[in-house]
Every structure is written in C-alpha cells, then in structure tokens.
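J.:
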Amino acid sequence: MDDYKKHYADKVVLITGGAGSIGSNLTRALAQLDARTVIVFDDMSAAYSWNIPSLPNVLFVRGSVTDEVALKKVFVMKPDIVYHLAAFFANQKSIDFPQHDLMTNGLGTLLVYQYAQMCGTGRVVYASSGCSIYGSSAPLPLKEDVMSMHLTSPYQITKMLGELYANYFLNHYELPVIKTRFFNSYGPGEVPGQYRNVIPNFIFRAISGFPLPLTGDGDETRDFTYVMDIVDGLLRAGYYEGAIGQEVNIASGSEVNILKMAERINELTGNRAGIIRTKRRQWDTKKRLLASIERAKDLLGYTPQTPFDEGLELTIKWFRDNWDQIKRDAEFPPGMSSAVFGVITKK
Ligand SMILES: NC(=O)c1ccc[n+]([C@@H]2O[C@H](COP(=O)([O-])OP(=O)(O)OC[C@H]3O[C@@H](n4cnc5c(N)ncnc54)[C@H](O)[C@@H]3O)[C@@H](O)[C@H]2O)c1
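The opening residue of the sequence shown carries number 197 in this note's numbering; numbering runs sequentially from there.
1. Starting from the C-beta of Ala402, find all residues in its chain whose C-beta is less than 6 Å away, skip the five residues before and the five after it, and write them out in chain order.
2. From the DSSP output, in three-state form, read off Glu340 for me.
3. Looking at ligand 1, does it come within less than 6 Å of Val308, judged from the CB to the closest heavy atom?
4. If you run the structure through DSSP and keep just helix, strand and coil, what is Asn462?
5. Using DSSP with H/G/I as helix, E/B as strand and the rest coil, what is Ile374?
6. How many Å lie between Val261 and Asn397 at the Cα?
7. Counting only runs of 3+ residues fully inside the stretch 393 to 442, write out the beta strand (DSSP E) ranges in chain order.
8. Considering only the beta carbon of each residue, do Val444 and Thr376 sit closer than 7 Å?
9. Report yes if the CB atom of Thr233 is closer than 7 Å to the CB atom of His280, and no otherwise.
10. Using 6 Å as the cut-off, classify the Cβ of Leu408 as near or not near the heavy atoms of ligand 1, replying yes or no.
11. Candidates Ala286, Cys315 and Leu307: which alpha carbon is nearest Lys274's?
12. Tell me where the beta strand (DSSP E) around Ile582 begins and ends.
13. What does Val234 pair with, by DSSP beta-bridge criteria?
14. What does a CB cutoff of less than 7 Å around Gly326 pick up in its chain, not counting 5 residues either side in sequence?
15. Is Gly470 buried or exposed, if buried means 16 or more other CB atoms sit within 10 Å of its CB?
16. Considering just the uninterrupted stretch of the alpha helix (DSSP H) at Ala286, what are its terminal residues?
17. Where does Gly216 sit, in a helix, a strand or coil, going by DSSP?
18. In whole angstroms, what is the alpha-carbon distance linking Gly434 and Arg319?
19. Helix or strand or just coil, what does DSSP make of Val265?
20. What would DSSP say about Ile277, mapped onto helix, strand or coil?
21. Less than 6 Å separating the Cβ of Ile218 from some heavy atom of ligand 1?
22. Mapping the DSSP letters down to three states, classify Ala242 as helix, strand or coil.
23. Using a Cβ-Cβ cutoff of less than 6 Å, which residues in the same chain neighbour Ala215 once the five nearest sequence positions on both sides are dropped?
24. Whole angstroms are fine: how far does the CA of Phe293 sit from the CA of Val257?
25. Taking the alpha-carbon of Leu510 as reference, which of Val308, Glu459 and Gly385 has the nearest alpha-carbon?
26. Assign Asp198 to one of two classes, buried (16 or more other C-beta atoms within 10 Å of its C-beta) or exposed (fewer than that).
27. With a threshold of 6 Å on Cβ separation, who are the neighbours of Asn287 within its own chain once the five nearest residues in sequence on each side are excluded?
28. In the DSSP output, which residue or residues are listed as bridge partners for Ile446?
29. Alpha carbons only, please: which of Pro500, Lys513, Gly449 and Ile454 is nearest the one belonging to Glu340?
30. Measure from the alpha carbon of Phe406 to the alpha carbon of each residue in Leu430, Leu366, Ile472 and Leu431, then state which is nearest.
31. Taking just the CA atoms, how far does Gln390 sit from Ala492?
In structure tokens:
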C-alpha cells in the first residue's frame, strides 16, 4: 500500500462537514484505511443521515463549527489530522443568506483553526474553492499564484477568507495547514437540490424525464472532478510535508464542455426530453474553468484517475441505487422558477 494511505492507520481524524458530499466519501476512505476513529462533525444543515457511512470506526457528532461547546467535544479527542470541509455551500445560497455564509465559512473556519492550534493538531487541510477565488479573468489553466479581488458572491469571498486565516495561523502559530482548492466535484454522495452543483441536478432531472436547463451559451466549460479523485488528493494533502502552507489545486486538469456534458447525461440515462436554454446566473461570470494540477503532481504525487465518462456512469449508478432516498430528500422548493426546475418539487 502507498505510504500516504498507511499513514492513517490508528489515527484520529476529524472531518468537519463529514456528512456532506465530499466528506462522506472521505469518511469511508479513512475508515477503510483503518483510522482508529473518524469523527464526522456536522450540523446536518445540508446532509442526510443515510449518507453517513455506518462503520465501526466512524463516530458521528452533531454540532456546528460556530458552536464552541460542540467544538470542544470533538477537539477533546485530540485529532491527529483535521479536514475542514464544513461550509455554507455555495454561491446562490450565500447570495440568499450572506450573514449565514459569513458565520459558517468565516467565523466557523476561524474557530476550527483556533481549536486545532490549541490542541496541537498535526495537520489541518482546508477545503477552498478554485472555482471561486481565481475570479473571471485569470489565464487558463488556473495556477495557484493568480488570485482575484473581484469576486462575485459572498461564498467566493468567505472561501478566500478561510485561506487568509490559514495564512495567519500558519505564520503566527505555525499551524501546519494546507489549502486545497477543489473544482466542481461530482460523484456519489451529492444529493441534488436548489443550491447544489449542476451534475447531480442534471442527473436528477434526466432520470425524472425533464429537459436539462443550460444557463449559458453551451460553450462554457468546467473542470469537473470525480469525488474519489478529490478524496485521493485530500489523503495525500494530509500526509506530504511539502504542501504545508501551500495552496494546491485538486482538480481533473481537463476541460469539459457543459453542453456535451448535458447531452451525455441524457444519453446515459435514456432521457428524451432534451435541453432548454435559461437565463445566465448573475454571479456566474466564468466562461471557462480549467485548473493546472502541476503543483498537486509535484507536491503530492497527485494524478486524477477517473475519466469523465466513467465518473458519470458511477454517479448515475449511485442515483439509481439510492433513488428513493434521493427523491425524498432532494430539495427543490415549490414556487421556484419552472423554467429552471420544471415541476420537480420536494414531496
Ligand atoms: N462540491 C464542490 O464542487 C466544491 C468545490 C470547491 C470547494 N468545495 C468545498 O469543499 C467542501 C465540501 O463541499 P461539499 O460539496 O461536500 O459540500 P456539502 O454541502 O455537501 O458538505 C458540507 C457539509 O457541511 C455541513 N455544514 C454546513 N454548515 C455547518 C456548520 N455550521 N457546522 C458543521 N457542519 C456544517 C453540511 O451539513 C454538509 O454536510 C466545502 O468546504 C466546499 O466549500 C466544494
């Protein structure tokens, strides 16, 4: 087994947001690598209990990163490694609830760093967002050193804030923190909903027999990353020393056209309802997204393993295997624009 995988045997690992889309997959991976305890710390504001892996070395603690009493309960277990994934996700939700976004992503992140520092945690891995902090005009592929001050949503601002606080804790307290930047994760574990990413929402609509709503021209691109590749990047980030203090893109390093992605989902699900055009979202100013993964290769030995088509098939399989729960829990409130969400409403 690779050294970075062996590293987790007998470790206590805390995952804030561990019940979420990426966190639940990271939880399962760490439990299978024989971590002594994987503490899933989550307030369940955007998660579902059926999605938390039920394994003997997984301990679920319900609580918020903004609640110091709850944080003490988990940090008293002296985690060796902390993955800070909890977040108020994502752009549109932060526009609708900017104060909540700042509380969770700003104050919550500050508190997690503070407790990690006080408890002498050996490594903190912060989940930042490459889709957010590079802005709209950086050259492609996006390299870690080019950042933007011209951000278009509170979420983008607070994801960057988490990086700035990481720098402060590193410089002032020598907290060994790594800033990983993800790009459009997709895969098993992400339940669709009003505020969720495009791929789960498209698969949900396609299986339900609805047309897929494209919000741009169709020539937009994204760097879609299969969730297990992100998990692999996180496992590496929790181990390799060279990445401490660094910002590292964890992405697929390849560009996928949004229109082609939608057509492929329709093909794979047998959806004949096609594609419809809708208005572009105001905050969505990025035509193309493509990450450079050179730094992740150099510092972490990271190479994504999952071709896009294979990732889509695995995600669709997960939808079909868990359809009843997904249908029950997918949150599309009634009254939402029928142009965007058709007639799908939460039952
Ligand atoms: N999914 C992506 O495409 C993507 C891209 C870039 C960055 N990220 C970042 O990666 C991380 C994980 O993303 P995800 O897709 O798994 O999101 P997610 O919403 O599925 O998971 C976040 C989890 O945090 C929990 N949470 C929210 N507020 C909390 C609080 N106050 N206290 C404790 N738990 C709380 C939610 O219940 C949820 O389980 C986030 O920090 C996100 O900003 C994700």
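C-beta: ideal position from N, C-alpha, C; glycine also.
Small disclaimer: the values here were computed from a predicted structure and weren't measured.
T.: Put simply:
1. For the purposes of this step, residue 402 is identified with residue 206 of the sequence shown, where counting begins at 1. Taken in chain order, the residues that qualify are Ile461, Asn462, Thr465 and Asn467.
2. Counting from 1 along the sequence shown, the entry for residue 340 is found at position 144. Looking at Glu340 - three-state DSSP - the assignment turns out to be coil, as it is neither helix nor strand.
3. The residue you call residue 308 lines up with position 112 of the sequence shown. Because no heavy atom of ligand 1 lies under 6 Å away, the Cβ of Val308 does not count as near it: no.
4. In the sequence shown, residue 462 corresponds to position 266, counting from 1. Asn462 falls in the helix class under three-state DSSP.
5. As a working note, residue 374 is residue 178 in the sequence shown. Assigned with DSSP and collapsed to three states, Ile374 falls in strand.
6. Translated into the one-based positions of the sequence shown, residue 261 becomes position 65. Translated into the one-based positions of the sequence shown, residue 397 becomes position 201. Distance between the alpha carbons of Val261 and Asn397 is about 27 Å.
7. As far as the stretch 393 to 442 is concerned, its whole beta strand (DSSP E) runs of at least 3 residues are 408 to 410.
8. Mapped onto the sequence shown, residue 444 falls at position 248. Mapped onto the sequence shown, residue 376 falls at position 180. Yes.
9. Taking the sequence shown and counting its residues from 1, the one referred to as residue 233 is at position 37. Taking the sequence shown and counting its residues from 1, the one referred to as residue 280 is at position 84. By the CB criterion at 7 Å, Thr233 and His280 fall outside the cutoff.
10. Along the sequence shown, read from residue 1 onward, the residue named residue 408 stands at position 212. Because no heavy atom of ligand 1 lies under 6 Å away, the Cβ of Leu408 does not count as near it: no.
11. Position 78 of the sequence shown holds residue 274. For Lys274, the nearest C-alpha among the options comes from Cys315.
12. Nothing about residue 582 can be reported from this structure: the residues present for the chain run from 197 to 543 only.
13. Numbered from its first residue, the sequence shown carries residue 234 at position 38. In DSSP, Val234 forms a bridge with Val209 and Val254.
14. The count along the sequence shown starts at 1 and reaches residue 326 at position 130. Taken in chain order, the residues that qualify are Leu338, Arg377, Phe378, Phe379, Asn445, Ala447 and Ala487.
15. In the sequence shown, counting from the first residue as 1, residue 470 sits at position 274. Gly470 should be labelled exposed.
16. As a position in the sequence shown, residue 286 is number 90, starting the count at 1. For Ala286, no alpha helix (DSSP H) run applies, since DSSP gives it neither H nor E.
17. Taking the first residue of the sequence shown as position 1, residue 216 is located at position 20. Correct three-state label for Gly216: coil.
18. On the sequence shown, residue 434 is found 238 positions in, with the first residue counted as 1. On the sequence shown, residue 319 is found 123 positions in, with the first residue counted as 1. Rounded to whole angstroms, Gly434 to Arg319 spans 6 Å at the Cα level.
19. As a first step, residue 265 must be located in the sequence shown, where it is residue number 69. Val265 falls in the helix class under three-state DSSP.
20. Residue numbering aside, residue 277 sits at position 81 when the sequence shown is read from its first letter. In this structure, Ile277 counts as strand in the three-state DSSP scheme.
21. By one-based count along the sequence shown, residue 218 stands at place 22. Yes, Cβ of Ile218 sits closer than 6 Å to a heavy atom of ligand 1.
22. If you number the sequence shown from 1, residue 242 lands on position 46. Residue state, collapsed to three classes: coil.
23. To locate residue 215, count along the sequence shown from 1; it is residue 19. The beta carbon of Ala215 sits closer than 6 Å to the beta carbons of Val236, Asp238, Ala243 and Ile248 from its chain, once the five residues preceding and following it are set aside; these are given in chain order.
24. Position 61 of the sequence shown holds residue 257. Position 97 of the sequence shown holds residue 293. Here the alpha carbons of Phe293 and Val257 stand approximately 25 Å from one another.
25. Taking the first residue of the sequence shown as position 1, residue 510 is located at position 314. For the options Val308, Glu459 and Gly385, the alpha carbon positioned closest to that of Leu510 is the one of Gly385.
26. As a position in the sequence shown, residue 198 is number 2, starting the count at 1. Exposed, since its Cβ has fewer than 16 Cβ neighbours within 10 Å.
27. In the sequence shown, counting from the first residue as 1, residue 287 sits at position 91. Around Asn287: Ser349, Tyr351 and Trp479.
28. The sequence position of residue 446 within the sequence shown is 250, counting from 1. Paired residues: Phe378.
29. On the sequence shown, residue 340 is found 144 positions in, with the first residue counted as 1. Answer by Cα proximity: Gly449.
30. As a working mapping, residue 406 is identified with position 210 in the sequence shown. Among Leu430, Leu366, Ile472 and Leu431, the Cα nearest to that of Phe406 belongs to Ile472.
31. Counted from its first residue, the sequence shown places residue 492 at position 296. Counted from its first residue, the sequence shown places residue 390 at position 194. Answer to the nearest angstrom: the Cα atoms are 32 Å apart.
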